[in-house]
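>
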C-alpha cells in the first residue's frame, strides 16, 4: 500500500513538473520603446539600402533562410539580393505612411503601409503596399526573416 501511495505521489510530482514546462517557455518577452524605435529605424534604413543597392548591408541584415514575397514572385535571400543588384527591381523611393510593431515571443513583426516608387522591367511603377517584415534576434542583432508585399486596393 505504501509503495502505491509513494508511486502516485511521484507520478503526481513528475506530472506537475511536465505540465509547468510549457508555461515557462510560453511567456513572452516584452520590449521597450527603445527596442521598437531601433526596429523602426532598421526598417527605414533597409528601404534606403534597397534604393542605394547596398548589397553588403542587406546581405548582413537578411537571414540566410529569409523569404521575400512580391506581387509576382517568391524569392530566397540570394534571389532577392541578385534582383536588387541587377536592377530587376530598382527601388527609387519608399514613402512610409504608417508603421506598427508587434512581438510574438522574441519575433518582431513590423507592418509598414507604404507608397513605393520602383522601376520594374524598365517601367516606373507606383504602388500602395502593406509590407510585413519579420525580424528575429540572432547573436544580439535583428535579422530579417521575411518581407512580404501586399498590394492595397483603392490607394
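In full-length UniProt numbering, the protein residues as written are 1 to 155.
For glycine and all other residues, C-beta sits at the position ideal for the given N, C-alpha and C.
1. For residue 26, which three-state DSSP category applies?
2. Can you list, in chain order, the residues of its chain with a C-beta nearer than 6 Å to that of residue 32? Leave out the 5 residues immediately preceding and following it.
3. Use the C-beta contact count for residue 56: other C-beta atoms within 10 angstroms, 16 or more gives buried, fewer gives exposed.
4. Taking the DSSP output, what are the residues bridged to residue 117?
5. Just the Cα atoms here: how many angstroms apart are residue 75 and residue 120?
6. Do you know offhand how far residue 128's Cα is from residue 107's?
7. Does the distance from the CB of residue 150 to the CB of residue 130 come in under 8 Å?
8. I'd like to check one pair, residue 43 with residue 133: are the Cβ atoms closer than 8 Å?
9. So, with DSSP's three-state summary, where would you put residue 42?
10. Closest to residue 40 by CA distance: which of 81, 142, 154 and 66 is it?
11. Taking all protein chains shown into account, decide if residue 34 is buried (16 or more other Cβ within 10 angstroms of its Cβ) or exposed.
12. Check whether the Cβ atoms of residue 122 and residue 135 lie closer than 8 Å to each other.
Judging by the given coordinates:
1. Stepping through the chain shown from its first residue, residue 26 is reached at position 26. Summary for residue 26: the model assigns pLDDT 47, below 50, so the residue's position carries little reliability, and this model does not support an answer.
2. Locating residue 32 in the chain shown gives position 32, where the first residue counts as 1. Around residue 32: no qualifying Cβ.
3. Taking the chain shown and counting its residues from 1, the one referred to as residue 56 is at position 56. Looking at its Cβ environment, which holds fewer than 16 other Cβ atoms inside 10 Å, residue 56 is exposed.
4. Numbered from its first residue, the chain shown carries residue 117 at position 117. Its beta-bridge partners are 93 and 126.
5. In the chain shown, residue 75 corresponds to position 75, counting from 1. In the chain shown, residue 120 corresponds to position 120, counting from 1. Computed Cα separation, rounded: 16 Å.
6. Position 128 of the chain shown, counted from the start, is the residue given in the question as residue 128. Position 107 of the chain shown, counted from the start, is the residue given in the question as residue 107. Taking the straight line from one Cα to the other gives about 25 Å.
7. Against the chain shown, residue 150 aligns to sequence position 150. Against the chain shown, residue 130 aligns to sequence position 130. Yes, the pair counts as a contact, with Cβ atoms nearer than the cut-off.
8. Position 133 of the chain shown, counted from the start, is the residue given in the question as residue 133. Position 43 of the chain shown, counted from the start, is the residue given in the question as residue 43. Taking 8 Å as the Cβ cut-off, residue 133 and residue 43 qualify as a contacting pair.
9. Position 42 of the chain shown holds residue 42. Residue state, collapsed to three classes: helix.
10. In the chain shown, the residue the question calls residue 40 occupies position 40. Ranking the options by Cα distance to residue 40, first place goes to 142.
11. Counting from 1 along the chain shown, the entry for residue 34 is found at position 34. It counts as exposed.
12. If you number the chain shown from 1, residue 122 lands on position 122. If you number the chain shown from 1, residue 135 lands on position 135. Result no, Cβ atoms of residue 122 and residue 135 do not sit closer than 8 Å.
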